[in-house]
Each structure stands twice: as C-alpha cells, then as structure tokens.
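In this note's numbering, the protein residues as written are 613 to 1287.
And the structure:
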C-alpha cells in the first residue's frame, strides 16, 4: 500500500514539473513571438534560450507519453472522461484553445525582415542626381535632403527636367510627400503648379505614402482579430495581410501622415482644376485613383470640384448629366462619330479608336479646334489630308508655336518627306505638304542651333550598317548623323569593314537625306569601326557606338591580328587614350542589357554608358532623353547649370523661381521613359 502511495506522489510531482516546464517554455516563446527582433537583441534572452525552450517542449511531450501509461487512468492526471481537459494535463487544451490563436504555430522570420534598399552614402551636397533617378531612394532620405539643402535639391530636380531626363513617378511622389511631411505646404503648392511634372498619379502616390502608417495599423488589427478568432483562418489570407503590412511599413515615412492639413491642401488643389481638365479625366482616365484619393481626403463634391460638381459622383458610378459631352461621348460609335464632332469639340485622344471612320471634314474640324499644333502633328498620320495641311500651316503662319521634342520633330519631318516623295498626290496637295515640311524644318533647325552636347572632343560616331540592323537602320542613321552635326564629330559606318558616309551631314535636311540613302548589308564586326583609329594611334576622347550589339565577326588590324571590339577598345584605352564610350543600343527586348555592354559592365570599366532603343520599333522621340543622358553625363555642364539654378533658389523665393521656369518651359508633351 505504501509503495502505491509513493508511486502516486511521484507522478503528481512529475505532473507539477511538467506544468512548470511548459510555463517556462511558454514564457520564452511568447516573448519571442511578441517581438522577434527585440527577442534576438535582448540581453536576457539568446538564441540558446530560444532553442532550449523548444527543446523543453519536445522533452516534456516525450515524458508525458512515458508516464501516462495504459488503461483508464493513464497517469492519473486529469480524467480522460468528460470535460475540456480529458486527461491532457491542461496543456493540450491550452494548445488547442487560446494559446493557438495568440500566435501562429510557426514563425516566418522572412516576413518580419524588411529588405534594406536604401542607397548608401547618399549626400545631397555631393551628388543630388540619385534622389530623382534611383528607384531605391526612400521618402525619409528625401525628407533629409530637403531639410539639409532645399535650394540644391530643387535645383537638381528642375535641372534634370530641363535636360529631359525622365524622373520616376516614385521620386516625384516622394518630392511632394516630403514637403508635406516637413509641413512645407507652400512648397507643395508651388510644385503642384508644374502640372506636367506633378499629376494626379504623383498626388495619389504621395498621399498613399503619408497614409501608409494608418493603413498598416488597420491591417495589423485585422490580423490580430483573425488570429484570436475561434475559426482557423486560411494561411494564404494571413500571408496576404502580413505582406500588405510589410509593404505599407516600407512606404510610410518616419514622421508625417495624411493629416487634416494635407487633406485641406489637396482640396484647395482640386478647386483649381478647370472644366476641361475634369472632363478629360472623366473621358480618358480611370476613376479608381479619384475614389482612392477621396477615401483619404474626404472631398465635398460641390465645394472641391466647383468647375464640375457632378465629377466626384461620376467617379463613384453616378452617370454624367445627359446633356454633357462626357455623357454623349462615352457612347461613341463608328456610326455617330462624325455627327457628334459637329456638335462637340471632342479631344482627339478620345477619338483615336475611330480614326479610320473620320472623314476629311471631321479631320479639318479637329485640326481647327485642338488647343495646340503639337497634338495635330503628333497624330499627323491619322489626320493627314489636304485641308489639315492648310490649317496647320495657317496656324503656324499666324504665330502659333510648335513645342514638339526634337526627336518627334525629326520623325514628323521624315514622315512628311516620305509621304511627299513616295505618294501619288495632286499638285496642290504636294504643295501643301511641302509648305508644312518647310515650316517644321525651320523649327527643327532653330532647335538644332540651341543643342549643345558637352562631350569631350574629338568625338567619333560609329554607325552599325550590318544586315542585322535592317529594321532600325534609318533611325540609327538619323541618330548617327544628328550626333555628328551637334558634336562636330567624325562619322563612320561599318559592317565587316569601316566605310565613310556618302557625305557629312551638317543640316537637318542632310541628316534626313543620309538616312534615306544608307543601306544595311553584311555581317557585324564592331571592331572594324575602331581599327583605323587604333592603327593610326589617333587620339579620340569619346566614341559613340550606334549598334544592335550582335557582334558576329572579327576585325583585322594592320598587323593581321584578328580581334573583337571589347578587346580592341581596352587596348586602345591602355595604349593610346582612356576614351569614353557611349553605347546607343537597339535591342530586341526592353530589359536586355546587350552582349557588348555587359562585357564592360562585368569588368567594371569606367566611363562606359548605355542608352537603349527598341530594335523592332525604334522611337525617335527618345532622342531628347538621350541628349539629357549625354548632358548629365558631363559633370562640368550639369554642375554649372545646377549651381546657377541653386543660386536662383537661394536669392529668390521658391514661387518666383518656379514661375520663371514655367514661363520658360517650352515642351508641351511628357518626355518618354528613359531606360
């Protein structure tokens, strides 16, 4: 009998020991879960503690199995009969109940780690360009830069803009958001006056950043409710919410939020939007961004959109009034398009899908009411007819300005030249096209005189004229010839050997004529363009290589050595002069790097840059972005303009300088994206 009592006492002591062990393990694990990062850096706990806690649980579970024994009592712990515990020493009950919902069974540490994408050694006083062209710069870094040297920060922003360097949407949103975070609402107001730089997209992104903290807290509360609920949530749902929290935490600034002051500022901005602008949004733009912005800012439909009180309800699904252009034109069809054009001045951007149904009378009406000549010329191939040519020439003669980017102007000139010389036209139609061509040519020549590229001279342009360039040869030749004229450079073409152009282009018309004459033939030996300068030991400081980078043949040096471009260029740098190299690459896919450029990138060769064109659909409008890249690539030129503009911001107030910049602004279209 005594032995039996001793056995019962021993097992009760073991049960207490088990419960105590679980309590210790639970305390460690609970602290770990509640703040994993704090856990790892807390001096009271270490990785060994964490491992020990898990080990205790496993050992205890094994012990339970050992001393439960067999039969009805199974260890004489809590009864296996009815009730909540059912002989599980209250431990398994806790595991299945509250404890399970207080934290997940497994901890995904990857979800708790925020990648560090910040740019190291970022200094607004040293090099301000990365703030606007590097996608990894955070809003907190923008806040720091504005606080440190606002005049230099703004000067860099507008200098890049002047050089047609594409500034990413995230960077522009960060500029706005940082101003609001610093409570510099006057700066934000002045920035929003630059409507081509800061649009609805940037405003929404900026407000989303400021509202990220609130959204993150809301998701965390939702996550907590799901974890504490009696119904087990799906792992995919929990993962999605955690992912949202992580993304929002990356967006939110360290200081600042979508406060009432910010909301009032945005409402004042929407009150300045005109009827034409709001009608354009209603016709052409998705309404979802406005709904998202309204959820944060809480617009009043009448007070905040006085120009068009029905606009906000329209964004939330209410039809536009029946007698408005928006209501009538949302139901455009091929049958009613020409009829409605007699009644309404519909923006051509809304009519593009019906370009084949437009008659000459409708095209002429569009040419007469479009606000700028740029729109008509941009879509000239859709609208061209004799009457449109007359209207455009008349508007130009009456003093209206053409502000197309230089690259687009070149493309329009080439199109007009081709239509004039290769299409059967009446005498009067040909005369009208010639007159329009002459008008555009004078604009392009004037722009050419103002383009200065600060490249180190002498400059050589090497144009790829091999058969693989057949699709892009015309664009490549225009680029090569244009750069030759701007930089007073030497121009060579190559396939398997180097050859000179039919003539050296000096004017816009020379550039266009040479583009029509040059043909693509033969294999590709890029080194062939470099051979004459290597053999003669001639010093060239900048080489511009216009190519598809599909090098498939060797070039032959004077001593009979066979070589490829990379090897020969490295020899040229070592033996003759450390020249700079610019690749203008016509690649098949947007994200390709180019075989030749990659070799220089892998070896980390300095002073080698690349600008990419689509090899199957080359776009001349990107010439302006190319010029921006080449201009900013010259530190002396960029810094000179940057310093001048910085001095203006220091000596005058921001509003005055931005107003002057807007007055000088002569580009009426958005720059294309630069890769």
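Ideal Cβ placement from N, Cα and C applies to all residues, glycine included. Source: prediction; values computed, not measured.
Quiz item: Taking the C-alpha atoms as reference points, what is the distance between residue 1053 and residue 987?
Solution: Stepping through the chain shown from its first residue, residue 1053 is reached at position 441. Stepping through the chain shown from its first residue, residue 987 is reached at position 375. Spanning the two alpha carbons is a distance of roughly 18 Å.
Do residue 798 and residue 1267 have their CB atoms nearer than 9 Å?
-> To locate residue 798, count along the chain shown from 1; it is residue 186. To locate residue 1267, count along the chain shown from 1; it is residue 655. Yes, the Cβ-Cβ distance between residue 798 and residue 1267 is below 9 Å.
- Give the straight-line distance between the Cα atoms of residue 741 and residue 771, rounded to the nearest whole angstrom. On the chain shown, position 129 is the one that residue 741 refers to. On the chain shown, position 159 is the one that residue 771 refers to. If you take the alpha carbons of residue 741 and residue 771, they lie about 10 Å apart.
Whole-angstrom distance between residue 1143 and residue 854, CA atom to CA atom: Position 242 of the chain shown, counted from the first residue, corresponds to residue 854. Position 531 of the chain shown, counted from the first residue, corresponds to residue 1143. Whole-angstrom Cα-Cα distance: 59 Å.
Segment contact flag, the region 829 to 844 with the region 802 to 816, C-beta cutoff 8 Å, min 3 pairs: no
Boundaries of the beta strand (DSSP E) in which residue 758 is found, first to last residue
Here the question's residue 758 lines up with position 146 in the chain shown. Taken as a continuous stretch (DSSP letters only), residue 758 belongs to no beta strand (DSSP E), being part of the alpha helix (DSSP H) at 751 to 760.
*asked:* What does the Cβ neighbour count give for residue 956, buried or exposed, with the cut at 16 atoms within 10 Å?
replied: As a first step, residue 956 is located in the chain shown; it is residue number 344 there, counting from the start. Label assigned to residue 956: exposed.
- Compare the C-alpha of residue 985 against each of 1105, 1002 and 970 and name the closest. Position 373 of the chain shown holds residue 985. Of the candidates 1105, 1002 and 970, the one whose C-alpha sits nearest the C-alpha of residue 985 is 1002.
Item to check | Length of the line joining the Cα atoms of residue 1032 and residue 996 | outcome: Counting from one through the chain shown, the residue named residue 1032 turns up at place 420. Counting from one through the chain shown, the residue named residue 996 turns up at place 384. Each residue's Cα considered, the two are about 12 Å apart.
Buried or exposed for residue 852, please, with buried defined as at least 16 other CB atoms from any protein chain shown within 10 angstroms of its CB. In the chain shown, the residue the question calls residue 852 occupies position 240. Exposed: under 16 other Cβ atoms inside 10 Å.
Practice problem: Find the nearest neighbour of residue 872 within the set 758, 992, 804 and 795, judged by alpha-carbon distance. | Solution: Against the chain shown, residue 872 aligns to sequence position 260. Minimum Cα distance to residue 872 is reached at 795.
Exercise for the section: Please check the pair residue 1258 and residue 764, which I expect to be a contact at CB under 8 Å, by giving their CB distance rounded to whole angstroms. Expected result: Residue mapping note: residue 1258 aligns to position 646 of the chain shown, counting from 1. Residue mapping note: residue 764 aligns to position 152 of the chain shown, counting from 1. Contact holds; Cβ gap of about 5 Å.
Alpha-carbon spacing of residue 971 relative to residue 950, whole angstroms | Position 359 of the chain shown holds residue 971. Position 338 of the chain shown holds residue 950. Residue 971 and residue 950: Cα-Cα distance of roughly 7 Å.
Original post:
Which of the three DSSP states, helix, strand or coil, is assigned to residue 1074?
Top reply: By one-based count along the chain shown, residue 1074 stands at place 462. Three-state result, residue 1074: strand.
Taking 7 Å as the limit between beta carbons, can you name the residues of its chain near residue 1092, skipping five residues before and five after?
Start at 1 with the first residue of the chain shown, and residue 1092 comes out as number 480. So the qualifying residues of the chain are 1073, 1075, 1103 and 1158.
Next on the checklist: Among 1189, 1044, 1219 and 1051, whose alpha-carbon lies nearest the alpha-carbon of residue 1014?
Outcome noted: By one-based count along the chain shown, residue 1014 stands at place 402. Of 1189, 1044, 1219 and 1051, the residue nearest in Cα terms is 1051.
For this session: Under 8 Å Cβ to Cβ from residue 993, same chain only, skipping five residues before and after it: list those, please.
Result: In the chain shown, counting from the first residue as 1, residue 993 sits at position 381. For residue 993, where only same-chain residues beyond five positions count, the Cβ hits under 8 Å are 1027.
Legend entry - For residue 1020, three-class secondary structure by DSSP: For the purposes of this step, residue 1020 is taken as the residue at position 408 of the chain shown. Helix.
Between which residues of its own chain and residue 860 is the CB-CB distance below 8 Å, once the five residues before and five after are set aside? Your numbering for residue 860 matches position 248 in the chain shown. Around residue 860: 824, 825, 827, 828 and 831.
Note to self: Using only CA atoms, which one of 1185, 1252, 1170 and 1154 lies nearest to residue 1221?
What the structure shows: On the chain shown, residue 1221 is found 609 positions in, with the first residue counted as 1. Measuring from the Cα of residue 1221, the nearest candidate turns out to be 1154.
**OP:** State the Cα-Cα distance for the pair residue 1163 and residue 1004, rounded to the nearest angstrom.
**Re:** Along the chain shown, read from residue 1 onward, the residue named residue 1163 stands at position 551. Along the chain shown, read from residue 1 onward, the residue named residue 1004 stands at position 392. Cα-Cα distance, rounded: 45 Å.
For residue 1083, the first and last residue of its enclosing beta strand (DSSP E): In the chain shown, counting from the first residue as 1, residue 1083 sits at position 471. Note, residue 1083: premise wrong, no beta strand (DSSP E); not H, not E.
8 Å contact criterion, which residue 787 and residue 1237 should meet: CB distance rounded:
As a working note, residue 787 is residue 175 in the chain shown. As a working note, residue 1237 is residue 625 in the chain shown. Contact flag wrong, Cβ pair sits at about 20 Å.
Enclosing beta strand (DSSP E) for residue 1197 [first to last residue]
Translated into positions along the chain shown, residue 1197 becomes position 585. Residues 1192 to 1199.
- Under the three-state reduction of DSSP, which class applies to residue 1263: helix, strand or coil? Mapped onto the chain shown, residue 1263 falls at position 651. Residue 1263 falls in the helix class under three-state DSSP.
When DSSP builds the beta bridges, which residues end up paired with residue 1167? By one-based count along the chain shown, residue 1167 stands at place 555. Paired residue(s): 1175.
Going by the DSSP bridge assignment, what does residue 1224 pair with across the sheet? Within the chain shown, numbered from 1, the residue matching residue 1224 stands at position 612. DSSP output for residue 1224 lists 1197 as bridge partner(s).
Anticipated Cβ contact below 8 Å, residue 1290 with residue 877, distance rounded: The shown model of the chain, from 613 to 1287, leaves out residue 1290, and the question about it has no answer.
Inset, instruction - Could you tell me which uninterrupted alpha helix (DSSP H) segments, each at least 4 residues in length, are contained entirely in the region 1005 to 1049, listed from first to last along the chain? - result: 1018 to 1034
Going along the chain, which residues of its own chain have a beta-carbon closer than 8 Å to the beta-carbon of residue 1118, five neighbours each way excluded?
Sequence index remark: in the chain shown, residue 1118 carries index 506 (1-based). Result list for residue 1118: 1097, in chain order.
Exercise. Thinking residue 779 and residue 738 are a contact (beta carbons under 8 Å), I'd like their distance in whole angstroms, please.
Key: Here the question's residue 779 lines up with position 167 in the chain shown. Here the question's residue 738 lines up with position 126 in the chain shown. Their Cβ separation, rounded to whole angstroms, is 19 Å, which puts residue 779 and residue 738 out of contact at 8 Å.
Quiz item: Do you know offhand how far residue 1288's Cα is from residue 1242's?
Solution: The structure shown does not extend to residue 1288, since the chain is modelled only from 613 through 1287, so no value can be given for it.
Problem set entry | Segments assigned alpha helix (DSSP H), at least 4 residues, entirely inside the region 929 to 1014 | 937 to 941, 949 to 955, 972 to 981, 985 to 990, 992 to 995 and 998 to 1009
C-beta contact flag for residue 975 and residue 999 at 9 Å = Residue 975 sits at position 363 when you count from the first residue of the chain shown. Residue 999 sits at position 387 when you count from the first residue of the chain shown. Contact flag set, yes.
Checklist entry - Does the Cβ-Cβ distance between residue 1235 and residue 1191 come in under 9 Å? => result Taking the chain shown and counting its residues from 1, the one referred to as residue 1235 is at position 623. Taking the chain shown and counting its residues from 1, the one referred to as residue 1191 is at position 579. Not in contact: residue 1235 and residue 1191 (Cβ atoms no closer than 9 Å).
With distances taken from CA atoms, which of 1101, 1174, 1078 and 816 is nearest residue 874?
-> Locating residue 874 in the chain shown gives position 262, where the first residue counts as 1. Checking every option, the nearest Cα to that of residue 874 belongs to 816.
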